[in-house]
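Chemist: For the protein sequence lines, the chains are L and D, in the order given. Letter by letter, the first sequence follows residues 1 to 585 of this note's numbering. Letter by letter, the second sequence follows residues 1001 to 1126 of this note's numbering. All C-beta atoms, glycine included, are put in the ideal place defined by N, C-alpha and C.
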Amino acid sequence: MTSGSGLALLAIVLTVAAALLIGAYGTRVSRTTSDFYVASRSVTPWMNASAIGGEYLSAASFLGVAGLVMAYGVDMLWFPVGYTIGYLLLLVLVAAPLRRSGAYTLPDFAEGRLESRGVRRVATAFVVLIGWLYLVPQMQGAGLTLRTVLGVPTWVGVVAVGAVVLVAVAGGGMRSITLVQAFQYWLKLFAITLPVFFVLASWQADGAPEVLADSPPVFAERTSVSVGSDVVLRVEQAVTVRADGVVDGREVTGTLRLPTGRHEVAAGTELVFPADAPVPHAEPLPALTGQAWGQPLGGGLDQPLYRTYALMLALFFGTMGLPHVLVRFYTNPDGRAARRTTLTVLALVGIFYLAPPVYAALGRVYSPELLVTGRTDAVVLTLPGAMVGGGGGLVLGAVVAAGAFAAFLSTSSGLVISVAGVLSQDVVGRRMRSPVAAFRVATTLAVAVPMVLTLAGQSLPVASMVGLAFAVAASSFCPLLLLGIWWPRLTAPGAVAGLLVGGGLAMLAVLVTLLAGPVPGWAGALLAQPAAWTMPSAVLVMVVGSLMTSRQVPDGVTRIMVRLHTPESLDLDRGANLTRGGQWP
Amino acid sequence: MTEGPSRRRVSVTGPPRASRPLRPRAAGREIDEQTALGEVYMRSLLRTQLRLALAVLALVVLPLAILPTAFAVWPVLGTLTVGPVPLPWLLLGFVVYPLTVLVGWRYLRQAERNEREFERIVGPPR
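Here it is, written out as structure tokens:
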């Protein structure tokens, strides 16, 4: 183990230890039943916003955004923009009414608002599906991180994050996790921002080489690349390399000429490229000149305009439908505090997203070997070490590794708590007597399934995977929340039909994308970015279905609208909380 | 006139003019009892808040939604630079964020003002 990886391991261990310690300390402070699940409700907006930011900024934000931008260019900035605008929509359309509803979870909201057990069951299924879909890229990111900084096989990181989250969640629920998540936000912001100053200074000192050059990226110096998993390289200009491993099915040791065309490189192969050679790209990454990379719609994907709009729709409207986001709102004392918290989150998330584009741009100049291995998601991890020499580079590398780990831990535990919460309440709990045992079994399920999927499944870029989870959320819970909050005539049959059609179609598109790999042309674009057609179908089915069953508008809807929309200070009859209180473990 | 009934008749001649909070008190009760008037109060609150939300969306989401089409129709927009930074990078990498927070802040103030107005109409806590 090199001194760099030792330092990174230490930083990661410290991050995990700090999270567990703060959690343990908090446990002594708060221990009522509802604290187990939703922490205390007397948290300030500032603290709460930090916690939401901590939970929201996942592997997709910490690693994935920079990775996608590095590979595909400026169009991918719609990812962080979408993650942020999603919170603006949450602020103006959902935040205060949702807090006032008093619901702990999305199934609680669905059942309470529509007075129907059937809606609850469908909502439960979607919480679990979206949660698992979102957990897979977190674990994938963990595997990539440990592999990049420590050189261990991918499964080690996957199992490590799974185990830590399992222990933390099964042991402590959400008690005190507000404090842990708040700490993780500041750690992540520090970890991604600090190296930015150093790499920018180093770039200036290097004479500020052109990022948007009219040529594809080249190796600035003789570069050794170890290929981690089988890739197909597209060589645009013949190049002579030193190879050690298996290329095009033949064992090679020594000098090798790679003519123009496709070349299969097996896992474990070491390639050494000479200085100034153009960088061959791993399929399916497009080989872009700096200029094309810097321009909108120049990212080399089919139907870029459609993809951009569908992505915008998924991210703008998906945020409000993520299961781990809603739970956090219950920790606000009232609807106004929920709004103030959301506004603060908007600012905290926005500050964070200023950093990833810097990594992406400089990564093309200083870490081009990632285009060869196809693992551009690692650019945040490798760039500080590649640009800042000596001990400083090692320390910065350890800092980003710790930040990345904080990202997996915080998002994963939030998701696992949400998934385990609904699983234990609606699925496992019915078959077991002890609620605490049911929660533990549910937690194990919530962790194990995505872990198996990660180890067995196809690997998409981290941010693309997360984008699919957003698309499903935008096509299921978003219409349910928007219509449920603003349209009194929504009925249970309409909602169920909309959830099944919109969410079901989106889920189907996701499965095809994951199982079949990239599909070319329009079909591929429609499947890879389904929200543009699945979300409108969900809204349409919900509205038409509700109008057709207008007799089944819930009796208590007027009272519920009073609950959702009037300030708590008014002494009005607002019925009961939209939750099944006291059922949490 | 001699006994009770006539006295009672005198005692209900009219409400004292000074007692003002009758209307606000009633508004809350109208909502609680789900009368047609109560529904009008609620619908006006919902409309006001929804209109505000949609105005915010028009202000932020609409310009963003136009952006990709604008880049597709006038590719030259993608090549403009502000100082050393290309325009699309400046907009999507920086400008969006402070703008969103600013709009969010204005929204928050207006939404709370709407709620105070509603509180004023529906009345002080009974």
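For threonine 1035 of chain D, would you say it is in contact with chain L, using Cβ-to-Cβ distances shorter than 8 Å as the test?
Modeler: Chain L contact via Cβ: absent.
Chemist: Apart from the five residues just before and just after tryptophan 78 of chain L, which ones in its own chain have a Cβ nearer than 7 Å to its Cβ?
Modeler: Contacts found: Thr308, Leu311 and Met312.
Chemist: Valine 462 of chain L and glycine 131 of chain L: beta carbons closer than 8 Å?
Modeler: Not in contact: valine 462 of chain L and glycine 131 of chain L (Cβ atoms no closer than 8 Å).
Chemist: Which residues of chain D have a Cβ atom closer than 8 Å to the Cβ of methionine 561 of chain L, listed in chain order?
Modeler: The contacting residues are Met1042 and Leu1046.
Chemist: Looking at the C-beta of glycine 1083 of chain D, does it have a partner C-beta in chain A at a distance below 8 Å?
Modeler: Checking the listed chains, one finds no chain A in this structure; the protein chains it contains are L and D.
Chemist: Measure from the C-beta of alanine 1058 of chain D to each C-beta in chain L and report whether the shortest distance is under 8 Å.
Modeler: Not closer than 8 Å to any Cβ of chain L, the Cβ of alanine 1058 of chain D fails to qualify, so no.
Chemist: From the DSSP output, which residues share a beta bridge with valine 247 of chain L?
Modeler: Per DSSP, L:Arg250 and L:Val265.
Chemist: With a threshold of 8 Å between beta carbons, is glutamine 1049 of chain D in contact with chain L?
Modeler: Yes, glutamine 1049 of chain D lies at the interface with chain L (some Cβ there is under 8 Å from its Cβ).
Chemist: Tell me where the alpha helix (DSSP H) around arginine 328 of chain L begins and ends.
Modeler: 323-329 is the extent of the alpha helix (DSSP H) around arginine 328 of chain L.
Chemist: Are the beta-carbon atoms of tyrosine 83 of chain L and threonine 319 of chain L separated by less than 8 Å?
Modeler: Going by C-beta atoms, tyrosine 83 of chain L is nearer than 8 Å to threonine 319 of chain L.
Chemist: What's the call for threonine 513 of chain L, buried or exposed, on a 16-neighbour Cβ count within 10 Å?
Modeler: Threonine 513 of chain L should be labelled buried.
Chemist: Since isoleucine 1031 of chain D meets chain L, which of its residues come closer than 7 Å, beta carbon to beta carbon?
Modeler: Correct list: Val562 and Leu572.
Chemist: If contact means a Cβ-Cβ distance below 9 Å, which residues of the segment 306-323 of chain L contact chain D?
Modeler: Against chain D - using a Cβ distance shorter than 9 Å - the residues of the segment 306-323 of chain L are Thr308, Tyr309, Met312 and Phe316.
Chemist: Of all Cβ atoms in chain L, is any one closer than 8 Å to the Cβ of glutamate 1117 of chain D?
Modeler: No, because no Cβ of chain L sits closer than 8 Å to the Cβ of glutamate 1117 of chain D.
Chemist: Please compile the residues from chain D whose C-beta is within a distance smaller than 7 Å of the C-beta of arginine 336 of chain L.
Modeler: Glu1112, listed in chain order.
Chemist: If you reduce the DSSP assignment to three classes, tell me which class threonine 33 of chain L lands in.
Modeler: For threonine 33 of chain L, the pLDDT reaches just 45, beneath the cut-off of 50, and the residue's location in the model is therefore unreliable, although a value from the coordinates is still provided. Residue state, collapsed to three classes: helix.
Chemist: Contact defined as beta carbons within less than 8 Å: I believe threonine 376 of chain L pairs with alanine 17 of chain L. What is the distance between those atoms, to the nearest angstrom?
Modeler: Not quite, the Cβ-Cβ distance comes to about 30 Å (not below 8 Å), so this is no contact.
Chemist: Counting only beta-carbon atoms, is proline 1063 of chain D nearer than 8 Å to chain L?
Modeler: For proline 1063 of chain D, the answer is no, since every Cβ of chain L falls outside 8 Å of its Cβ.
Chemist: How about arginine 563 of chain L and arginine 100 of chain L: do their beta carbons lie closer than 8 Å?
Modeler: Yes; because the gap between Cβ atoms is below 8 Å, this pair is in contact.
Chemist: Pull up the CB-CB distance for valine 380 of chain L and alanine 66 of chain L, whole angstroms please, since I reckon it's below 8 Å.
Modeler: Indeed, because the Cβ distance is near 5 Å, the residues count as touching under 8 Å.
Chemist: Since leucine 1108 of chain D meets chain L, which of its residues come closer than 8 Å, beta carbon to beta carbon?
Modeler: Per Cβ cutoff of 8 Å: Leu91, Arg339, Arg340 and Leu343.
Chemist: Closest Cβ-Cβ distance between tryptophan 1074 of chain D and chain L: below 8 Å?
Modeler: Answer no: the Cβ-Cβ gap between tryptophan 1074 of chain D and chain L never drops below 8 Å.
Chemist: Just checking: is the beta-carbon of isoleucine 12 of chain L within a distance shorter than 8 Å of some beta-carbon in chain D?
Modeler: Taking Cβ atoms only, chain D never reaches closer than 8 Å to isoleucine 12 of chain L, which makes this a no.
Chemist: Alpha carbon to alpha carbon, how far is alanine 361 of chain L from phenylalanine 439 of chain L? Give it in angstroms, no decimals.
Modeler: Distance between the alpha carbons of phenylalanine 439 of chain L and alanine 361 of chain L is about 45 Å.
Chemist: If you scan the segment 385-430 of chain L from start to end, which runs of the alpha helix (DSSP H) of 4 or more residues do you find wholly inside it?
Modeler: Counting only runs of 4 or more, we get 390-423.
Chemist: Please confirm if the segment 1057-1065 of chain D is in contact with the segment 1098-1105 of chain D, defined as three or more CB-CB distances below 8 Å between the two stretches.
Modeler: A contact exists between the segment 1057-1065 of chain D and the segment 1098-1105 of chain D.
Chemist: Are the beta-carbon atoms of isoleucine 1031 of chain D and leucine 305 of chain L separated by less than 8 Å?
Modeler: No, Cβ-Cβ distance for isoleucine 1031 of chain D and leucine 305 of chain L is not below 8 Å.
Chemist: Rounded to the nearest angstrom, what separates isoleucine 485 of chain L and methionine 561 of chain L at their Cα positions?
Modeler: Between isoleucine 485 of chain L and methionine 561 of chain L, the C-alpha separation is close to 7 Å.
Chemist: Between proline 1024 of chain D and the rest of its own chain, which residues show a CB-CB distance below 6 Å, the 5 nearest in sequence each way excluded?
Modeler: Its pLDDT being 46, under 50, proline 1024 of chain D is placed unreliably in this model, and the value from its coordinates should be taken loosely. Around proline 1024 of chain D: Gly1123.
Chemist: Give a yes or no on whether the C-beta atoms belonging to proline 80 of chain L and valine 466 of chain L are separated by under 8 Å.
Modeler: Against a cut-off of 8 Å, the Cβ pair of valine 466 of chain L and proline 80 of chain L comes out as no contact.
Chemist: Looking at the C-beta of valine 1095 of chain D, does it have a partner C-beta in chain L at a distance below 8 Å?
Modeler: No, valine 1095 of chain D lies away from the interface with chain L (no Cβ there is under 8 Å from its Cβ).
Chemist: Helix, strand or coil for serine 224 of chain L per DSSP?
Modeler: Looking at serine 224 of chain L - three-state DSSP - the assignment turns out to be strand.
Chemist: Nearest to valine 358 of chain L by alpha carbon, out of D:Leu1080, D:Arg1113, D:Val1076 and D:Leu1092?
Modeler: Comparing Cα positions, the closest option is D:Leu1092.
Chemist: Do we get a CB-CB distance below 8 Å when we pair valine 1122 of chain D with the residues of chain L?
Modeler: Yes, contact with chain L.
Chemist: Mind listing the chain L neighbours of leucine 1080 of chain D? Cutoff is C-beta to C-beta under 8 Å, in chain order.
Modeler: Correct list: empty, because the minimum Cβ distance to chain L is about 11 Å.
Chemist: Out of L:Leu90, L:Gly6, L:Val69 and L:Tyr56, which one is the CA nearest neighbour of threonine 342 of chain L?
Modeler: Answer by Cα proximity: L:Leu90.
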